[in-house]
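Engineer: Provided herewith is a single structure, encoded as structure tokens, for subsequent inquiry.
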Amino acid sequence: MKKWIWLVVAIIVGLAVGGYSYARHAENQKLYEDAIEQGNLQISNKKYTAAETEFMNALKKKPGDKRANVLLKQTQEYAAGDSSFAARKYPDAKTSYTQVTNTKGGNQQLVDRAKDQLSLIKKIQTNLAKYTKVYNKALQQQKAGQYVDSNITLNEILTDKNASQSYYKTIFNKAKKLRDSNNSAIENNSIPTDPNEADNFEQPSNDPVDNPNVAANSTSSSSVSSDTASTSESKESAVSSSSSSASLTSSEKKAADNYKGSNEYTVPDSKKKINGKDATATQIKEARATIKAAGVDEGALSDQDIIDAINGALKKNESLAQYAKENF
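In my numbering, the protein residues as written are 528 to 855.
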């Protein structure tokens with residue numbers, strides 16, 4: 528009789544313990560699934576730190592769980608990629624984003640975002656390489672005293688709408704400083720100092736932009752002397768050209784009609800542009816000074832001839848002085 532009673536008690540206790548264990552397991556499973564769901568939701572909201580916390584909570588409910596581990600590591604890798612990208616450490620960012628895309632059984636949104644970032648990095652690095660090449664060419668032209676040519680080259684950066692994006696801030700600012708240095712040399716008839724020597728840009732190790740020293744040499748000095756000799760004459764020419772274009776007498780109009788070269792009265796508006804943008808008085812004035820310094824009689828050239836010369840030099844990828852000597 529007593530054995531039967533103890534057997535019943537044992538069965539009751541066993542059922543109670545089993546029922547509790549099952550209920551506890553079911554509760555943990557629900558908490559685990561909730562944590563995974565919340566983690567993926569935080570990824571959708573781009574709150575990656577919160578997502579990491581949720582996946583770690585899932586691991587607390589199911590230690591060593593493969594699914595939760597994969598999601599946690601993928602999220603951490605993507606966050607590391609974003610951090611490197613923000614610091615312009617593009618090789619590191621590419622490594623992290625590639626790891627994200629190669630993750631099996633992870634979050635698909637992270638994979639898609641990582642692929643987009645990899646495409647963006649490729650575009651950024653391509654543009655940085657292009658802008659750096661243009662800048663270095665302009666820098667060498669300045670060292671040779673070819674300030675107008677240097678400015679024309681810099682326009683490839685300064686007129687590119689993409690170059691003003693934050694990714695290219697360093698090279699864009701360097702280009703502006705180099706242009707200002709060129710303009711100062713033209714206006715003040717002086718040898719330009721290094722336009723970027725006072726800068727302290729935080730250039731990342733992987734940024735392809737160099738920080739070359741823009742020190743003036745003897746070649747620059749001799750070229751500036753030639754510019755100095757021609758600046759006053761080019762100013763007078765610019766003033767004369769401006770006043771003549773504003774109002775022509777009957778004899779001047781007749782002379783313009785009889786003029787056999789190209790000028791602003793005989794060509795379409797499309798021909799009056801430099802690099803697709805309207806030519807400015809400053810560009811024309813600077814170009815006249817350069818052509819004069821090259822030993823060419825710039826006074827015999829109309830403003831349109833000057834514009835044509837600039838465009839011709841750009842097309843042939845040679846200096847304005849060289850082009851003027853060859854064609855005038």
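For glycine and all other residues, C-beta sits at the position ideal for the given N, C-alpha and C. Please read all numbers here as calculations on a predicted model, not as lab measurements.
(1) Does Thr686 pass the burial test, meaning 16 or more other C-beta atoms within 10 Å, or should it be called exposed?
(2) Using three-state DSSP, classify Asp805 as helix, strand or coil.
(3) When the Cα of Gln673 is compared with those of Arg815, Asn854, Gln831 and Tyr605, which residue comes out closest?
(4) Can you confirm whether the segment 700 to 719 touches the segment 656 to 675 when touching is taken to mean that 3 or more C-beta pairs between the two stretches lie within less than 8 Å?
(5) Is Lys819 buried or exposed, if buried means 16 or more other CB atoms sit within 10 Å of its CB?
(6) Just list the residues that DSSP pairs Lys800 with in beta bridges.
(7) How big is the Cα-Cα spacing for Phe804 and Ile833?
(8) Is it true that the CB of Tyr662 sits closer than 8 Å to the CB of Ala690?
(9) Assign Lys593 to one of two classes, buried (16 or more other C-beta atoms within 10 Å of its C-beta) or exposed (fewer than that).
(10) Report the rounded CA-to-CA distance for Thr697 versus Asp561, giving the unit in angstroms.
(11) Between Ile570 and Gln636, is the Cβ-Cβ spacing less than 8 Å?
(12) My understanding is that Ile801 touches Asn838, with C-beta atoms under 8 Å, so please give their C-beta distance in whole angstroms.
(13) For the pair the segment 612 to 623 and the segment 582 to 601, tell me if three or more CB-CB distances fall below 8 Å.
(14) How about Ala585 and Tyr605: are their beta carbons less than 8 Å apart?
(15) Tell me which residues share the same chain as Ala821 and place their Cβ nearer than 6 Å to its Cβ, disregarding the 5 neighbours each side in the sequence.
(16) Once DSSP output is grouped into helix, strand and coil, what is the label at Pro618?
(17) Can you tell which of Glu683, Ala712 and Glu714 has the C-alpha that lies nearest to the C-alpha of Phe699?
(18) DSSP three-state label for Glu845, please.
(19) With C-beta atoms as the reference, is Val675 less than 8 Å away from Thr817?
(20) Could you give the distance in angstroms between the alpha-carbon of Ile648 and the alpha-carbon of Asp824?
(21) Does DSSP put Ser610 in a helix, a strand or coil?
(22) Suppose you measure from the CA of Lys616 to the CA of Asp609; what does that come to, to the nearest Å?
(23) Would you call the CB atoms of Ser677 and Ala665 closer than 8 Å?
(24) Helix, strand or coil: which one does DSSP assign to Ile837?
Structural biologist: So, from the listed chains and residues:
(1) exposed
(2) strand
(3) Minimum Cα distance to Gln673 is reached at Arg815.
(4) Segments in contact, yes.
(5) buried
(6) Asp805
(7) The question names Phe, but residue 804 in the sequence shown is Lys. Those two C-alpha atoms are separated by around 15 Å.
(8) no
(9) exposed
(10) If I take the Cα positions, the gap works out to 46 Å.
(11) Less than 8 Å separates the beta-carbon of Ile570 from that of Gln636.
(12) The C-beta distance from Ile801 to Asn838 rounds to 6 Å, short enough to meet the 8 Å contact threshold.
(13) no
(14) Taking 8 Å as the cut-off, the Cβ atoms of Ala585 and Tyr605 do not count as close.
(15) Ala848, Ala851 and Lys852
(16) The three-state secondary structure of Pro618, taken from DSSP, is helix.
(17) The option with the nearest alpha carbon to Phe699 is Glu683.
(18) coil
(19) yes
(20) 49 Å
(21) Residue state, collapsed to three classes: helix.
(22) Lys616 and Asp609 have their alpha carbons spaced roughly 10 Å apart.
(23) yes
(24) helix
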